[in-house]
Each structure stands twice: as C-alpha cells, then as structure tokens.
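Here's the structure we're looking at; comments come further down.
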Amino acid sequence: MIELDIEEGKKYKGKIKVGELEDGSEVEIPYFVMRGVKKHPVLLLNAAIHGDELNGVEVIMRLFEELNPMQIKGTIIGVPVVNVLAFRSRDRFDAIEKRDLNRKFPGKKNGNITEKIAYHFFNEFVKNADFGIDLHAGMKGHLLLPHGRARILKDYKPNLEYYQALGTDIIFYHDGEKGMLNITAGKEGIPIVCFEIGEADRLDEYYINEGIKAVKNFMRYFGMLDGMPEMPARQILLQGYIEVRANAGGIFYSGIKVGDVVKEGDIIGYIRKINGERVYLKAEKDSTVMGVRTLSAVREGDPIAWMLSFENAEILEIKKKVKTRRNKILEKAEKFIR
2 MIELDIEEGK
12 KYKGKIKVGE
22 LEDGSEVEIP
32 YFVMRGVKKH
42 PVLLLNAAIH
52 GDELNGVEVI
62 MRLFEELNPM
72 QIKGTIIGVP
82 VVNVLAFRSR
92 DRFDAIEKRD
102 LNRKFPGKKN
112 GNITEKIAYH
122 FFNEFVKNAD
132 FGIDLHAGMK
142 GHLLLPHGRA
152 RILKDYKPNL
162 EYYQALGTDI
172 IFYHDGEKGM
182 LNITAGKEGI
192 PIVCFEIGEA
202 DRLDEYYINE
212 GIKAVKNFMR
222 YFGMLDGMPE
232 MPARQILLQG
242 YIEVRANAGG
252 IFYSGIKVGD
262 VVKEGDIIGY
272 IRKINGERVY
282 LKAEKDSTVM
292 GVRTLSAVRE
302 GDPIAWMLSF
312 ENAEILEIKK
322 KVKTRRNKIL
332 EKAEKFIR
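Position 177 of the sequence shown, counting from 1, maps to 178 under my numbering, and the rest follow consecutively.
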C-alpha cells in the first residue's frame, strides 16, 4: 500500500510492487507524496501512462522539487512514470506486450503485467485521490497544443469545471473508449482530467512550463495554493475533430503551427514530391490547429495535422474569480462561433 499517513509539511518517496519479470526482477511504480497543512483534498498527478511521453514526467519532478509543503492545503501524490515497462522500452507501449495501458483501467489483479500495472495504479493511487491530472503528450512526431481532453461515453459525461481549472484556451470534448483512465475514474466519482502538452520522446521547456502553470492553476482554483489562478475568462469547448492526411508522398512543409486559427480553404502547407511537384493542402473547415506533424517525410495517407472545427463550439465562462489573461485563440475565432 502507498504511504499517505505522513507528517504535516513533509515529503515522502516510495515504490509499490506490481509483479516480476522473467529474471525475477521486480516491476515497481515509484511515487512521491507531499503532505501540506491539511490532509485533504488529495491531488493525484501522474504521467507516462504512455512510456515515451516525457514532458509530464518532468512537470511532476519539478513540482515536487519546487513546492513547499507548508504552503499547500492538502496532499499531493505524484506518479511520474505509471507505465514503467513502456518507459524502459522508450516507447508508447511495453515492448513485449504492446498493449495500450490507457485502455486497461481498472485493470486486473491476476491479469497480464499491463493489466497488473493498471490494477495497482488504480486501486492504490487513484482511489486514494479526490481528483487528479493525467499528463499526456502527442505521439512521436505529433506536436499538440496544451489543452484539456474531456472524454465522454454514452453513460458518462465529465464535469467540465475541472478541465476549465487548468486555464487553457481550449477544451477538446470528444468520444472516449472503455478502459481510459479519466472515464474509469470519473465513473467512480473521482474526476481525473487528461491534459496534453507537446509531443512524445523529447523534453520541451515551453511545454513543461505550460504544464507547471496548468497544475498550479488547478491547485489555486480548488484552494490548494494561495493566490488566484491565471486563465482566460472565457474558454472554447470544441468537438469537431478533423484529421488532415497527406494527399501525396514526399516532404511536408507546414504552413501552420499549433494554436493557429484558419478558415475553410486556407492553405495549411504543401508536400513537395521527389520530382519537384508541389501538392497543396487546404483547411476543410473554419478551425484551430490542435496538432501538427513534426516529421517531414510523409507517405500518402500519413496524418499531418489535427484540427478542431468551430462547428458546435461553445464558449465557457469561468465560474470563480481569477486573474484573467487573453485567450488568443478566441480573439481570432469568435467570428466563426455562432
């Protein structure tokens, strides 16, 4: 069991055993606990459910170095690397089982090793939390705008106020899948928000700092840290997902960056074929750029951009008093939102 009964104002490091590998070596999940001046609320911060998503790992480690427990109201549990086997493989999934941990929650006590990781993480960490932030990144070669990703199923809809508390310009509201952490935890009454920053396999100071800001916003919003969160007074809830795929093979030259606002028909880049011909790509709808490919060589059909259409978009008002900042996406997009 994880150790939560620690002295006020202290930090603790521990590990829990999940199972054993072929040679008898133990599979363990390392964690931190920081106890503030009160025990509750308990905030869970976790990263690397996909083992190559590193920005969130760094966010959690820096926060545990930086934060003073005596300035915190509540307890923070930090799990920098959930999927320890995938992390060892430097890949999204464990190299042997190749299963997506974020489709396996709540896991199985007597299942395969991926299901065991899901089981122990869910039962020992998630169930001890009042709420949490699940830090992710785009896959290798997929750079993502910082945003909350609120997933729904027919029998589950999240409380969007927890996503608003991150302080991002946009929230992506879309269908999820059974076994995802935020859906599984949400059904148990534990709001876990999915937060995306940057891309896999490399650290990026800008996105690390955006992650730290989002966590501190969340903590201030719910009274765990003094001061007001800094966030836009109005955020955009977007549902219309568009994946743009290469219409030729060659070298991709992007004309967009994450957070850009484009209108239907705008040129968003081109592919130069090896014979020198240029094949242009256009925006299908009025939208914002959620993600961009960072790998230049493409085959026909490769994904190159991820857009969020302004169709059916909603503007959400912040419910608490905050230190407001500009929402640069909304400033450009408001004319498209009806």
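All C-beta atoms in this analysis are idealised placements derived from N, C-alpha and C, irrespective of residue type, glycine included.
Tell me, which residues are paired with residue i by DSSP?
i: N84; result: None; N84 has no bridge partner.
i: Y254; result: Y271
i: V38; result: Beta-bridge pairing links V38 to no other residue.
i: F219; result: Its beta-bridge partners do not exist; DSSP assigns none.
i: A130; result: Partner(s): none; A130 has no beta bridge.
i: G149; result: I172 and F196
i: T289; result: V262 and L309
i: K12; result: M35
i: H137; result: E197
i: H143; result: R294
i: R246; result: P304
i: K283; result: I268
i: R235; result: E318
i: N160; result: Looking at the DSSP assignment, N160 forms no beta bridge with any residue, so it has no partner.
i: G20; result: V28
Taking Cβ to Cβ, would you say residue i is nearer than 8 Å to residue j?
i: Y157; j: I184; result: yes
i: H148; j: T169; result: yes
i: I243; j: M308; result: yes
i: V216; j: I257; result: no
i: A247; j: V293; result: no
i: G231; j: K141; result: The identity of residue 231 in the sequence shown is Glu, whereas the question assumes Gly. Cβ distance not < 8 Å, so E231 and K141 don't count as in contact.
i: P192; j: F132; result: yes
i: G75; j: H51; result: no
i: A166; j: P159; result: no
i: G57; j: I153; result: no
i: G177; j: K117; result: no
i: Y222; j: K128; result: no
i: A334; j: V262; result: yes
Can you have a look at residue i and say buried or exposed, based on whether 16 or more other CB atoms are within 10 angstroms of its CB?
i: H175; result: exposed
i: A326; result: Here the sequence assigns Arg to residue 326, which means Ala is not the residue at that position. Flag for R326 reads exposed.
i: E265; result: exposed
i: E301; result: exposed
i: D53; result: buried
i: G251; result: buried
i: S26; result: exposed
i: Y281; result: exposed
i: E23; result: exposed
i: F97; result: The sequence given here has Ile at residue 97, not Phe. Burial call: exposed.
i: R91; result: exposed
i: D227; result: exposed
i: G187; result: buried
i: S297; result: exposed
i: R93; result: buried
i: M35; result: buried
i: M2; result: exposed
i: N111; result: exposed
i: E4; result: exposed
Could you give the C-beta distance for residue i and residue j, rounded to a whole number, given that I count them as a contact under 8 Å?
i: V83; j: F122; result: 5 Å
i: L46; j: I77; result: 6 Å
i: M229; j: L44; result: Their Cβ separation, rounded to whole angstroms, is 18 Å, which puts M229 and L44 out of contact at 8 Å.
i: G344; j: M71; result: Since the first residue shown for the chain is 2 and the last is 339, residue 344 is missing from the structure and cannot be characterised.
i: G260; j: K214; result: Wrong, their Cβ atoms sit about 15 Å apart, outside the cutoff.
i: E29; j: V80; result: Their Cβ separation, rounded to whole angstroms, is 12 Å, which puts E29 and V80 out of contact at 8 Å.
i: F342; j: I268; result: The question about residue 342 has no answer, for the chain in this structure spans 2 to 339.
> Do the segment 188-204 and the segment 265-278 meet, that is, are 3 or more Cβ pairs less than 8 Å apart?
Replying inline: The segment 188-204 vs the segment 265-278: no contact.
> Touch check for the segment 87-103 and the segment 65-73: three-plus C-beta pairs under 8 Å?
Replying inline: Between the segment 87-103 and the segment 65-73 there are fewer than three C-beta pairs closer than 8 Å, too few to call the two in contact.
>> Taking contact to mean 3 or more Cβ pairs, one atom from each stretch, closer than 8 Å, check whether the segment 312-322 and the segment 232-246 are in contact.
In response: As far as the Cβ criterion goes, the segment 312-322 touches the segment 232-246, which means the pair count is three or higher.
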